[in-house]
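Colleague: Mapping of the sequence shown onto our numbering: position 123 corresponds to residue 124, and the numbering continues sequentially without gaps.
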Amino acid sequence: RNIESVEELDIGGGFGISYEDDREYPFEEFFKKLADAIRKEDRIKKIFIEPGRFLVARSGVLVARVTDVKDFEDKRIVLVDTGFNHLIRPVLYGARHRIIALNKSDDNKFLTDVYGNLCESTDYLAKDIYLPKTDVGDLIAILDTGAYGYSMASRYNMRDLPKEYVFYRGKIELSREEKIHAMCASE
Numbered sequence: 002r003n004i005e006s007v008e009e010l011d012i013g014g015g016f017g018i019s020y021e022d023d024r025e026y027p028f029e030e031f032f033k034k035l036a037d038a039i040r041k042e043d044r045i046k047k048i049f050i051e052p053g054r055f056l057v058a059r060s061g062v063l064v065a066r067v068t069d070v071k072d073f074e075d076k077r078i079v080l081v082d083t084g085f086n087h088l089i090r091p092v093l094y095g096a097r098h099r100i101i102a103l104n105k106s107d108d109n110k111f112l113t114d115v116y117g118n119l120c121e122s123t124d125y126l127a128k129d130i131y132l133p134k135t136d137v138g139d140l141i142a143i144l145d146t147g148a149y150g151y152s153m154a155s156r157y158n159m160r161d162l163p164k165e166y167v168f169y170r171g172k173i174e175l176s177r178e179e180k181i182h183a184m185c186a187s188e
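#1: When the distance is taken between beta carbons, is Leu-144 closer than 8 Å to Val-62?
#2: Going by beta carbon distance, what residues of the same chain come within less than 8 Å of Gly-53, once the five residues before and after it are set aside?
#3: Give me the Cβ distance between Gly-84 and Asp-124, rounded to the nearest whole Å; I'm assuming they're in contact under 8 Å.
#4: Between Val-7, Gly-171, Asn-158 and Ser-19, which lies nearest to Ile-181 when the distance is taken from Cα to Cα?
#5: Using 8 Å as the threshold, is the segment 71-82 in touch with the segment 113-124, meaning 3 or more CB pairs across them?
#6: In angstroms with no decimal places, state the Cα-to-Cα distance between Arg-97 and Ser-6.
#7: By the 10 Å Cβ neighbour count, where 16 or more other Cβ atoms means buried, how is Val-137 classified, buried or exposed?
#8: Could you check whether Leu-132 and Thr-146 sit closer than 8 Å to each other, using their CB atoms as the reference points?
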């Protein structure tokens with residue numbers, strides 16, 4: 002094709018991250034090669050990029066409390082006080098977020114499914130992951146929820162949205178709390 006008139010380059014969006022480990026995309030190498038190619042094409046005046054998820058995904062963590070544990074011969078079922086209303090990505094398109102048990106050693110891990118607190122058979126947050134032994138009252142952290150976690154959350158089944166905290170300059174502060182009963186109350 003003849004592309005001599007191209008002055009704008011859209012290299013696409015959705016630069017992702019690995020939700021299953023800490024691997025990072027080699028952006029430095031990618032942008033160096035891109036810059037070299039653009040220098041050869043001096044007619045390109047604008048470059049568009051949408052790096053959203055890459056920039057913010059690792060900035061969010063959904064913390065949940067264990068409300069029940071069921072032990073089976075080959076697997077543990079852990080129930081928590083959140084559900085797909087707060088993180089729909091696993092149910093909607095099979096996203097596999099890393100989950101860690103807070104204040105637990107990683108010495109002994111068990112094959113585990115993590116289910117939410119909604120009355121839906123599809124309300125799960127993770128299947129076939131390995132977690133340390135967790136008990137009722139323990140906290141788990143669902144990692145890398147900064148991109149599309151809170152923005153896709155809903156008040157399904159009249160449940161409150163999760164509280165949102167911001168960690169900034171060594172301090173943790175509540176930044177957002179929305180209660181469903183306050184929204185429904187008449188003035």
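From the three backbone atoms N, C-alpha and C, an ideal C-beta is built for every residue, glycine too.
Modeller: Straight from the coordinates:
#1: Going by beta carbons, Val-62 and Leu-144 fall inside the 8 Å limit.
#2: The answer, listed in chain order, is Gly-14, Gly-15, Phe-16 and Ala-148.
#3: With 8 Å as the limit, Gly-84 and Asp-124 qualify as a contact, their Cβ atoms being about 5 Å apart.
#4: For Ile-181, the nearest C-alpha among the options comes from Asn-158.
#5: With a cut-off of 8 Å on Cβ pairs, the segment 71-82 is in contact with the segment 113-124, counting three or more such pairs.
#6: Note on geometry: alpha-carbon atoms of Arg-97 and Ser-6 lie some 43 Å from one another.
#7: Burial call: exposed.
#8: Not in contact: Thr-146 and Leu-132 (Cβ atoms no closer than 8 Å).
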